[in-house]
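Asker: Numbering (the working numbering), first residue to last: 11 to 181. Heads up, the beta-carbon is just placed ideally off N, CA and C, and yes, glycines get one too.
Encoded structure:
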């Protein structure tokens with residue numbers, strides 16, 4: 011429709027009518043709604059992808075540390091705090107994405123800002139808590155062999171690919 015109007019050099023009023031905002035609202039309301047199953051799969055896919063990215067970042071930091079110490083990487087030290095932090099950050103990121111999507115369809119910018127700032131505050135609080143807990147409490151490490159960590163990382167990425175292909179095929 012827009013390309014045809016551009017070809018015939020039509021004015022905005024002839025394309026959108028007198029009220030552009032009403033036209034945009036009608037277009038957005040006419041978009042197909044996603045099913046609960048698709049929505050849940052998209053959330054899981056995003057969470058898995060974020061966990062995979064965090065695992066890659068953690069692995070990169072570990073390998074750089076080992077290279078600077080000129081040692082051979084064999085065991086990756088992970089605390090329960092590292093695992094919980096990665097999970098919480100992924101959950102909050104999914105909630106931020108949900109808030110942005112919800113606000114886009116419902117045009118409630120005040121709620122979007124309120125929730126967005128709430129989630130940003132929560133992320134900053136988690137980061138500060140992570141730093142303070144890591145500094146003042148010496149939590150025990152779980153030493154995971156590098157090859158097992160790489161297998162877990164590969165499985166995580168494979169799961170992301172499988173869910174993404176399923177979503178692309180069925181929705």
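Assuming residue 143 and residue 91 make a contact with CB atoms under 8 Å, what is their CB distance in whole Å?
Answerer: 6 Å
Asker: Whole angstroms are fine: how far does the CA of residue 83 sit from the CA of residue 178?
Answerer: If you take the alpha carbons of residue 178 and residue 83, they lie about 38 Å apart.
Asker: Would you mind working out which of 40, 132, 170 and 160 sits nearest residue 68, comparing C-alpha positions?
Answerer: Nearest neighbour of residue 68 by Cα position, chosen from 40, 132, 170 and 160, turns out to be 160.
Asker: So the beta strand (DSSP E) residue 85 belongs to, where does it begin and stop?
Answerer: 85 to 88
Asker: Counting along the chain, where does the alpha helix (DSSP H) carrying residue 74 start and finish?
Answerer: 46 to 78
Asker: To the nearest angstrom, how far is it from the Cα of residue 134 to the Cα of residue 57?
Answerer: 19 Å
Asker: How would you call residue 100, buried or exposed, if buried means at least 16 neighbouring beta carbons within 10 angstroms?
Answerer: buried
Asker: Less than 9 Å between the C-beta atoms of residue 152 and residue 97, yes or no?
Answerer: No; because the gap between Cβ atoms is not below 9 Å, this pair is not in contact.
Asker: Identify every run of the beta strand (DSSP E) within the region 103 to 164, keeping only runs that are complete inside it and at least 3 residues long; order them along the chain.
Answerer: The DSSP assignment places 152 to 155 as complete runs of the beta strand (DSSP E) inside the region 103 to 164, in order along the chain (cut-off: 3 residues).
Asker: Residues in the same chain with beta-carbon distance under 7 Å from residue 110, minus the five sequence neighbours each way, listed in chain order, please.
Answerer: 122
Asker: For residue 50, which of 60, 150 and 108 has the nearest alpha-carbon?
Answerer: 108
Asker: Tell me which residue opens and which closes the alpha helix (DSSP H) that residue 32 is part of.
Answerer: 30 to 39
Asker: Please check the pair residue 62 and residue 126, which I expect to be a contact at CB under 8 Å, by giving their CB distance rounded to whole angstroms.
Answerer: Rounded, the Cβ-Cβ distance is 24 Å, inconsistent with contact.
Asker: By how many angstroms is the C-alpha of residue 181 removed from the C-alpha of residue 132?
Answerer: 33 Å
Asker: Please report the straight-line C-alpha distance between residue 44 and residue 78, rounded to a whole angstrom.
Answerer: Each residue's Cα considered, the two are about 49 Å apart.
Asker: Going by the beta-carbon positions, is the gap between residue 86 and residue 156 smaller than 9 Å?
Answerer: A contact, by the Cβ cut-off of 9 Å.
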